[in-house]
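Here the structure comes first, spelled out in structure tokens, and everything after it is commentary.
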Amino acid sequence: MSESALVPGRRPRHWGESPPWNFLRRLWGNHLAVTGFSLVFLVFLAAILAGVLSSYDPLTMVVSDRMKSPSMTHLMGTDNFGRDIFSRVLHGARLSLEVGAAVMLLTVGAGILFGLVSGYSPRLDGPVMRVMDAMMAFPAILFGIAIMAVLGPKTVNVVIALSVVYAPRTVRIVRASVLATKQLDYVEAVRAQAAGHLRILFRHILPNCLSPLVVQATFNFAYAVLAEASLSFVGAGAPPPTPSWGNILSEGRIYMQNAPWITIFPGVAIALTVMGLNLAGDGLRDILDPRMKT
Amino acid sequence: MARQRLVVGTVAALLAGVGLLAAAGTAASGAPVTGGTLRVALTASAPSLDPHSGTHLAIREIGMHIFENLLAFDSKFQVVPQLAERWETSADGRVYTFYLRKGVKFHNGREMTAEDVKASVDRFRTIAPRRNELDDMEKIEVTGPATVRMTLKRVNAAFLAAIANPICQLAILPKEAVEGKPINKADIVGTGPYRFVEWIPDRWVRIVRFPDYKPEGKVDIGGLGGARHAYADEIRFIPVPEPGARVAGLQTGEYDFADFLPTPAMPQLTGDRSLRVARLGPQNYPTVYFNHTGKFKNLKLRQAVQAALNMDEIMQVANDGDGRVDPGFYFKEQVWYTTAGGKLYNQKNPEKAKQLLKEAGYNGEPVVFVTNTSYDYMYKAAQVIQEQLKKVGMNVTLGVYDWPGSLAVRKDMTKWDMFTSSHSTRFDPSANDFYFREKTTFFGYKNPKMEALLDKASATVKFEERYKVYEEVQKLAYEDVALLKLYDHYTWQGYSAKLQGYTPWVMVRLWNVWRDR
Amino acid sequence: MTMYILRRVFGVVPVLILVALGSFLLVHLVPGDPAMVMLGSDATPQQIQALRTQMGLDSSLPEQFLIWMRQALRGDLGESFFLGRPVTQALLERLPATMQLAMLSLFFSLLIGAPAGILASVRQNSRWDQLVMITAMGGISIPSFWLGLFLILVFSVNPGWLQNGGYVPIWEEFGPGLRVLILPAISLGFMQAALIARMTRSSMLEVLRQDYVRTAKAKGLGWWSVTLRHALKNAMIPVITTIGTAFGVLLGGAVIVEIVFTYPGLGRLVVLAVQRRDYPLVQGALLLTSVIYVAVNLAVDLLYSVFDPRIKYE
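Chains as they are written, first to last, in this note's numbering: chain A, 63 to 356; chain B, 2 to 518; chain C, 483 to 796.
Next comes the structure, spelled out in structure tokens:
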């Protein structure tokens, strides 16, 4: 982040110099970020306009039209139930983005909560980090499958499961920033002034955590989209007939020889979305904290 | 659409060809050759090899090679001798005396005696899920080293069928292998043509030829009885749940035999000269159960669902068109086949359904339809049904679980309204009785008229009369919408062209089968 | 130094306890009763109850946990409900398969990823760099199961060469064993290779910019000597530290790949066990994989600390 946050007292001269605007300007100049966010925006548009862009309902089955290859009437063909795939892919975008965004927010929240606490208080640091280590020791997808088995097949539960899986690494990132910031001279100084803990946390420490947090959040979004697809693929994700890219892929798997379009399009959709998020994350990292490793 | 026609068309053309091929194949090309290992890819892994422990298909597909029963079914579904060489019924029809074959050896070397039979039957009656079929048995006595007498409380026309039923086999094991052994813990020792060697779960089950096996009679009468010879040295049953992997394994020669092949892959396999395919058909029929204690207590509501369903569509989607739309609870190929009540089957009448919904007083209440992902066709059928019901205005939500999860939900009568399942080939119509009897049904069905009919059937021994009673049963089942049958489900098996002597029938049977050099 | 090692090793214990607790709780919270699954839907409530008692499902949760933990510490993870054999045995039978897959994937990802990253960093902004970066970007965005499906489709045209299925351990038969492993390992390792490539590249770039490198170059030392000896050694440190995590990721990602390729590994076993409510097996498997992950990380950490002088004197 620009230095103004670290050096108290130096105010920007006019809004054009303010940190948010600086940030946006640099963002715009960064090719990765632009490409990434554009891709994500495209997917976002597709999701929002799903009803408009496709004249078919993603759930309606016209059995006599099943397994049709892509054509002018069905841009991406139909699946084995006779449902239009283009429409299902678009609605699948909605699900992926919803889940991804929700997971991102929850993990960021958890990250801030536990990361701040853990980094700031040496007493709580031990236990919190042990729990995080334990959570990270479970293989991600297995953990997700097990949680879904406990909670039951609902989209909300997918969000919960994935948030639990990806929270620990976010907590770690925030904690690392807190530890680094805590040692800075000026923070020591502020503490010496006996300022309240909360004030220190929120005014001085938290802003410094934002850069790596924002980057991690973007990557968490990407992980969530991939993980949701994986869970749906093995049947532990959102329940049918909800269109999910993973569901469509797994349903189409058996027809790969005769109807490859069922598996191709959702796969491409996943790749594009995740790529966009990764590019955006890369770009953000370039701007915010070039010293951060992958 | 063209592609789908191609698949179905090829499949149809195959039927003719397969008929010829099967005939050619079984018109034995040369004398049997002993030796070799057969590698068999099965869809399901057996939860246990204890023959009394469950009704799961994999248990008996493997178990049939290891164990034998007193009686068996032949290819015409008639009861024939197996371990009992003959039997006598008393004049009043309540006492059955079984005369055991002599010199039959168990895999542990000991000769089978009547004591072993009694021990096995006793254990079966304690732990087997199907034990209620023997409820009419008052006592079982050993009346000689090779005779067993069973006395019934009353005449039961289905008694012999219950003894011979391969579903949850009433296998005869040595006394020491079953005495005091809880479920799943019996020693895997039988009298069959193959004996058990090892089981590495999810890897394979290995059985090897039992040299001291004594076949029943001299003739292969098909089905599960007659002279069964072990030609292959060893058979390996390998669980391969993914259909694509079974197909691929057949093509690479990794498996000699694979069951439940997906219809879309069939044209590709039929073109392969190194393979043969067999259509097992039909193998089962998927069903939908109603929870008669909940909102479906209302007959009109059930009738609405019955009227709305389009079985052609369901069959098209669930099994890629590889099925037969037919109302019978038994297949056309079986002697018990009847179309009674068929007018109410496959009505595909949304207007009538909507009308019935109004009459039922349905107001958009949510209907919970429980299905499972373990059986692909059930899952697909459920989704199609949900759509069809939505179109007539029913608010149906799917509860999707794996099979054990769905069973757990089904136990709780407050948690479901409809449930998908399937009935595998029935060997005797009495097999369906327990669904309709108040004491044994698990979906709350209660109909005194039905109970009376079933009692009558149980007491009617003569085939023609019994057949008529079961016709009434089926008709009533349709009129009262006790449950719904969806369609006849065909499955495909594939095997190496080197395999000779294989006749497809109901389940995987690898005795009397050999592999050419 | 020894203190450091001891501290690290003991620090792992609470984590393992938490892992055990987590595995136990998670599994027992899953609805559905193994007794019912085993007996089938036609069983009477009495029978189910009897079986439950036999399975030890009757006692309270804390009791069950303590019993399980006590046994686990002795290496006895109980008996699988469905396989009828000790869990430890069942897991150890399948573990080698998954380990082979994870190791081959790791090997593949290092073999491809590291050189690619180095190449990209050394020829920064050239066509090579862009090629590597674009491919790597694709690698971290493409789901492994999709890649797997695609590979199966492509190679199924010629089924002779790369078999789908037919597992045999490579120490029994190297050739056939490897053949079965190749496609799954590529599917699994591709994403990891991409990550390693990216990380290596940025790490190398970082190091190459440092003054001491420029000094070495200015001193006229051979270009290769500079790159390989100085830069590489330092650049690889962060990469090596993530091997532990990478291994964990691969162990986890193996689940999906095993399902796609019907590879008889731990992952598939566990998914099946979850479906069947085979409590001891799922618990044991979660515990085992987590313990392996913790152990590998610990080992990597310790190894790393041996080489990093900054830590020696802690």
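C-beta: ideal position from N, C-alpha, C; glycine also.
Discussion item. Using a Cβ-Cβ cutoff of 8 Å, what residues of the stretch 227-252 of chain B are near chain C? List them in chain order.
Written reply: So the list reads V241, P242, E243, G245, A246, A249, G250 and Q252, given in the order they occur along the chain.
Worksheet item: Counting contacts by CB-CB distance shorter than 8 Å, is G173(A) in contact with chain C?
Response: So, not an interface residue.
Worksheet item: V214(A) bridges to which residues according to DSSP?
Response: Reading off the sequence shown, one finds Gly at residue 214(A), where the question assumed Val. Answer is none; G214(A) lacks a bridge partner.
Worksheet item: If contact means a Cβ-Cβ distance below 7 Å, which residues of the stretch 371-385 of chain B contact chain A?
Response: For the stretch 371-385 of chain B, the residues whose beta carbon sits under 7 Å from a beta carbon of chain A are, in order, T374, Q384 and V385.
Item to complete: For the stretch 322-352 of chain B, enumerate the residues whose C-beta is nearer than 8 Å to any C-beta of chain C, in chain order.
Response: Along the stretch 322-352 of chain B, there is no position whose C-beta sits under 8 Å from a C-beta of chain C.
Worksheet item: Who are the neighbours of Q528(C) on chain B, taking C-beta pairs under 7 Å?
Response: None at all; the shortest Cβ gap to chain B is about 11 Å.
Practice prompt. Would you check if the distance between the CB atom of S275(B) and the CB atom of A42(B) is smaller than 8 Å?
Written response: Contact: no.
Discussion item. Looking at the secondary structure, which residues open and close the alpha helix (DSSP H) in which K359(B) lies?
Written reply: DSSP places K359(B) inside the alpha helix (DSSP H), whose first and last residues are P351 to A361.
Worksheet item: By DSSP, does K244(A) sit in helix, in strand, or in coil?
Response: Three-state result, K244(A): helix.
Item to complete: Report the rounded CA-to-CA distance for G144(A) versus H136(A), giving the unit in angstroms.
Response: Going from the Cα of G144(A) to the Cα of H136(A) covers about 11 Å.
Discussion item. Assuming V125(A) is part of the alpha helix (DSSP H), what are its boundary residues?
Written reply: Per DSSP, V125(A) belongs to no alpha helix (DSSP H) and is neither H nor E.
Worksheet item: So which of L533(C), L565(C) and A554(C) has the shortest CA-CA distance to V752(C)?
Response: The residue with the shortest Cα to Cα distance from V752(C) is L565(C).
Worksheet item: Beta-carbon of T325(A) versus every beta-carbon of chain C: anything under 8 Å?
Response: Between T325(A) and chain C, the shortest Cβ-Cβ separation is below 8 Å.
Worksheet item: What residue range is occupied by the uninterrupted alpha helix (DSSP H) comprising R124(B)?
Response: Here the alpha helix (DSSP H) through R124(B) covers A115 to I128.
Worksheet item: If we ignore side chains and look at the alpha-carbon of each, how far apart do W610(C) and L601(C) end up?
Response: Straight-line Cα distance between these residues: approximately 7 Å.
Discussion item. Less than 6 Å between C-beta atoms, sequence neighbours within five positions excluded: which residues of the same chain meet that for P52(B)?
Written reply: Around P52(B), the same chain offers G64, F68, Q170 and A172 as residues with beta carbons nearer than 6 Å, after the five sequence neighbours per side are excluded.
Worksheet item: Checking contacts by CB at 8 Å: is I521(B) closer than that to chain C?
Response: Residue 521(B) is absent from the model: chain B starts at 2 and stops at 518.
Fill in: Completely contained beta strand (DSSP E) runs for the stretch 28-106 of chain B, where each covers 3 or more residues
Whole beta strand (DSSP E) segments, 3+ residues: 38-43, 72-74, 80-82, 85-90 and 96-101.
Worksheet entry | Distance, L586(C) Cα to V773(C) Cα | Approximately 20 Å, taken between the alpha carbons.
Discussion item. Just to confirm the assignment, what range does the alpha helix (DSSP H) spanning N84(A) have?
Written reply: Its alpha helix (DSSP H) spans residues P81 to G91.
Discussion item. When you compare the CB of R128(A) with every CB in chain B, is at least one pair closer than 8 Å?
Written reply: Output row for R128(A): interface = yes.
Worksheet item: How big is the Cα-Cα spacing for F281(A) and V636(C)?
Response: Straight through space, the alpha carbons of V636(C) and F281(A) are spaced by roughly 31 Å.
Practice prompt. Check whether the Cβ of Q245(A) lies closer than 8 Å to any Cβ atom in chain B.
Written response: At a cut-off of 8 Å between C-beta atoms, Q245(A) does not count as an interface residue with respect to chain B.
Fill in: beta strand (DSSP E) segment containing T492(B), residue limits
T492(B) -> beta strand (DSSP E) spans D489 to S497.
Discussion item. From the DSSP secondary-structure annotation, give me the bridge partner or partners of E142(B).
Written reply: Paired residues: R150(B).
Practice prompt. Please determine if the stretch 391-405 of chain B and the stretch 104-122 of chain B are in contact, where contact requires at least 3 C-beta pairs separated by less than 8 Å.
Written response: Counting Cβ pairs under 8 Å, fewer than three are found: no touch.
Discussion item. So, for V118(B): in the same chain, excluding its five sequence neighbours on each side, which residues have a beta-carbon less than 6 Å away from its beta-carbon?
Written reply: The residues are V149 and I173.
Item to complete: Compare the Cα-Cα distances from P496(C) to each of M194(A), Y285(A) and A321(A) and report the closest residue.
Response: The option with the nearest alpha carbon to P496(C) is M194(A).
Worksheet item: Mind pulling the chain A residues with CB within less than 9 Å of Q307(B)?
Response: Going along chain A, no residue has its Cβ under 9 Å from Q307(B), so there is no contact; the nearest lies around 19 Å.
Fill in: Three-way DSSP call (helix, strand, coil) for Q284(B) in this model
Note: Q284(B) maps to strand in three-state DSSP.
Practice prompt. Identify every residue that forms a DSSP beta bridge with W200(B).
Written response: In DSSP, W200(B) forms a bridge with V206(B).
Fill in: Residues within the stretch 294-309 of chain A neighbouring chain B, beta-carbon criterion of under 8 Å
Contacts with chain B (Cβ-Cβ distance below 8 Å) from the stretch 294-309 of chain A involve G297, P301, P302 and P303, listed in chain order.
Worksheet item: Can you round the beta-carbon distance between P303(A) and L159(A) to whole angstroms, since I take them to be within the 8 Å contact cut?
Response: Contact flag wrong, Cβ pair sits at about 19 Å.
Discussion item. Can you confirm whether the stretch 151-169 of chain A touches the stretch 219-228 of chain A when touching is taken to mean that 3 or more C-beta pairs between the two stretches lie within less than 8 Å?
Written reply: With three or more CB-CB distances shorter than 8 Å, the stretch 219-228 of chain A counts as touching the stretch 151-169 of chain A.
Worksheet entry | Enclosing alpha helix (DSSP H) for G730(C) [first to last residue] | Residues K715 to F743.
Item to complete: Give the interface partners of I189(B) over in chain C, defined as CB-CB distance under 8 Å, in chain order.
Response: Among the residues of chain C, none has a CB under 8 Å from the CB of I189(B); the nearest is roughly 11 Å distant.
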